[in-house]
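In our numbering, the protein residues as written are 4 to 302. Idealized CB from N, CA, C, for every residue including glycine.
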């Protein structure tokens with residue numbers, strides 16, 4: 004049987020173009036990576052990689068095996084997720100995936116309210132990641148319930164909108180924009196901003212709003228960062244303006260560490276939604292959603 008870790012190495016090599024870089028990505032030495040690749044070529048009975056001074060590239064056979072390998076690894080990952088789901092259900096754990104903003108600023112209070120109402124409520128295992136990753140996790144069965152913030156709702160998952168969040172432009176008090184009353188969308192679109200990474204609901208909401216205003220985001224980001232905390236901290240240094248969730252900078256605006264600058268046009272908002280696979284959420288997920296609805300006064 005072909006070693007799955009060897010297939011992971013082959014796909015990493017295809018992505019990086021270097022055996023050393025592929026090994027580094029997987030946390031193995033170049034010597035171990037070379038041995039693993041030789042073993043895979045022995046199992047397949049063909050040369051999979053051509054090496055040169057400029058790097059490494061897959062042969063035609065290597066490209067075929069790499070494509071099959073991605074399918075095998077995806078199936079293996081789904082198997083691991085399914086086994087994990089079975090194990091968590093037997094332990095009575097609710098698996099939740101949430102966008103970073105929801106995980107940091109909303110979910111703790113919701114879970115606390117649930118436990119206060121029902122001391123026997125199951126434990127919650129939380130994975131915090133961007134909205135695109137949450138959607139992918141729920142799709143493959145890695146979470147019973149997801150919380151996302153994006154204007155692009157997945158059509159293959161059930162969802163319910165439970166709140167709305169606003170995206171705001173913020174700067175340090177020393178930034179020239181701090182003295183401005185309002186900004187034109189075209190100026191925002193043409194300015195290098197501190198932004199969340201691609202796949203983040205925060206960034207997608209900003210892009211959608213600027214597209215709707217006829218001024219697509221054209222400037223390369225001043226920085227792309229993996230969390231709202233990193234974005235607001237960077238903006239507070241005066242490095243560049245930032246687009247961020249209003250929830251994430253509430254305390255910074257109150258203390259004066261950051262200044263909000265209004266932008267002409269519609270207020271940029273995005274839905275905060277719960278998503279799940281199947282017709283109905285898991286019973287424990289339904290109970291958590293009921294508590295959230297009561298907390299927010301929904302229904």
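Could you tell me how far apart the beta carbons of residue 195 and residue 224 are, in whole angstroms, since I believe they sit closer than 8 Å?
Yes, residue 195 and residue 224 are in contact; Cβ-Cβ is about 6 Å, under 8 Å.
Report the residue from 10, 242, 214 and 290 whose alpha carbon sits nearest the alpha carbon of residue 271.
Residue 271 has its Cα closest to that of 214, out of 10, 242, 214 and 290.
Considering just the uninterrupted stretch of the beta strand (DSSP E) at residue 247, what are its terminal residues?
Segment 245-248, the beta strand (DSSP E) holding residue 247.
Can you tell which of 179, 100 and 109 has its C-alpha closest to the C-alpha of residue 262?
The candidate whose alpha carbon is nearest that of residue 262 is 179.
Checking 9 Å against the spacing of the C-beta atoms, do residue 174 and residue 249 come in under that value?
No. Outside cutoff.
Going along the chain, which unbroken runs of the alpha helix (DSSP H) with 4 or more residues stay wholly within the stretch 99-176?
Counting whole runs of 4 or more residues, the stretch 99-176 contains the alpha helix (DSSP H) stretches 103-108, 110-120 and 134-142.
Applying the 10 Å Cβ sphere with the 16-neighbour rule, what's the burial state of residue 50?
Residue 50 is exposed by the Cβ-count criterion.
The beta strand (DSSP E) spanning residue 52 covers which residue range?
Run containing residue 52: 52-55, per the beta strand (DSSP E) assignment.
Around the Cβ of residue 240, are there at least 16 other Cβ atoms within 10 angstroms (buried) or fewer (exposed)?
Counting Cβ neighbours within 10 Å, residue 240 comes out exposed, since fewer than 16 surround it.
Can you tell me which of the three DSSP states residue 20 falls into?
In this structure, residue 20 counts as coil in the three-state DSSP scheme.
So, do the stretch 96-111 and the stretch 34-53 have three or more beta carbon pairs nearer to each other than 8 Å?
At 8 Å Cβ cutoff, the stretches do not touch.
On the three-state DSSP scale, how would you describe residue 281?
Coil.
State the start and end residues of the unbroken beta strand (DSSP E) segment that holds residue 294.
Unbroken run through residue 294 is the alpha helix (DSSP H), 286-299; no beta strand (DSSP E).
So if DSSP puts residue 272 in a beta bridge, which residue, or which two residues, is it bridged to?
In the DSSP output, where bridge partners are listed per residue, residue 272 has 169.
For the stretch 181-196 and the stretch 162-171, state whether three or more C-beta atom pairs, one from each stretch, are separated by less than 8 Å.
Not touching, per the Cβ criterion.
Helix, strand or coil: how does DSSP classify residue 184 here?
It is coil, neither helix nor strand.
Taking the runs of the alpha helix (DSSP H) that are 4 residues or longer, which of them lie wholly in the stretch 177-239?
Runs found: 188-192, 204-215 and 231-239.
Please classify residue 262: does DSSP put it in a helix, a strand, or coil?
Note: residue 262 maps to strand in three-state DSSP.
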